[in-house]
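Contents: one structure, followed by commentary.
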Amino acid sequence: MVTDPIADYLTRIRNAQMANHRIVEIPASNLKKRITEILYEKGYILKYKFEDDNKQGLIKIALKYDVNTKQAAIKSLERISRPGLRQYSKPADFKRVKNGLGVAIISTSKGVMTDKEAKIQNVGGEIICHIY
Numbered sequence: 001m002v003t004d005p006i007a008d009y010l011t012r013i014r015n016a017q018m019a020n021h022r023i024v025e026i027p028a029s030n031l032k033k034r035i036t037e038i039l040y041e042k043g044y045i046l047k048y049k050f051e052d053d054n055k056q057g058l059i060k061i062a063l064k065y066d067v068n069t070k071q072a073a074i075k076s077l078e079r080i081s082r083p084g085l086r087q088y089s090k091p092a093d094f095k096r097v098k099n100g101l102g103v104a105i106i107s108t109s110k111g112v113m114t115d116k117e118a119k120i121q122n123v124g125g126e127i128i129c130h131i132y
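Counted from 1, the sequence shown has number 44 at position 44 by UniProt numbering; the numbering is strictly sequential.
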């Protein structure tokens with residue numbers, strides 16, 4: 001049993017990139033699906049596919065690498081709010097990730113979104129992770 005499914009999700013992606021895998025399979029949940037969609041929208045992954053296996057389902061993610069240097073598109077995946085220490089923030093207090101180059105994923109009352117979208121909608125929430 002995994003105590004922190006989001007940390008497991010981020011670790012699976014991080015480990016797959018370190019091993020230069022092209023595809024990674026992750027057990028699905030609604031939160032993980034939304035995080036995957038955000039990663040795709042921001043250009044950090046090549047494509048994704050949600051598969052139903054009559055249980056909880058699977059997320060298949062095709063990882064993105066630079067054509068010339070073979071380096072992963074995601075440089076850093078960092079879990080911020082964890083089960084032992086939750087991190088909440090107001091829109092005015094959101095810190096920029098890598099001086100504005102990265103993305104923070106926030107779980108708000110209006111759904112899971114990036115820090116920029118949350119600032120526009122003026123909603124705060126739990127900071128799930130930083131991606132750069």
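C-beta: ideal position from N, C-alpha, C; glycine also.
#1: Does the distance from the CB of Leu-77 to the CB of Ala-28 come in under 7 angstroms?
#2: Tell me whether Leu-39 is buried or exposed, calling it buried when 16 or more other Cβ atoms sit within 10 Å of its Cβ.
#3: Among the candidates Arg-82, Arg-79, Lys-60 and Tyr-44, whose CA atom is the shortest distance from the CA of Glu-25?
#4: What beta strand (DSSP E) runs, 3 residues minimum, are completely inside the region 56-83?
#5: Compute the minimum distance between the beta carbon of Leu-58 and the heavy atoms of the ligand NAD, and state whether it is under 6 angstroms.
#6: Return the Cβ separation of Tyr-88 and Gly-43 in integer angstroms, given the expectation that the two are a contact with Cβ distance under 8 angstroms.
#7: Enumerate in chain order the residues of its own chain whose CB-to-CB distance from Gln-121 is below 7 angstroms, with the five nearest sequence positions on each side excluded.
#8: Please tell me whether Lys-47 and Ala-62 are closer than 7 angstroms, where the distance is taken between their beta carbons.
#9: On the CB-based measure, 16 or more other CB atoms within 10 Å of its CB, does Gln-56 come out buried or exposed?
On the basis of the data shown:
#1: no
#2: buried
#3: Lys-60
#4: You should have 58-63 and 77-79.
#5: The ligand NAD is absent from the structure shown, which contains no ligands of any kind.
#6: Actually they do not touch by this definition, with Cβ atoms about 28 angstroms apart.
#7: Lys-110
#8: A contact, by the Cβ cut-off of 7 angstroms.
#9: exposed
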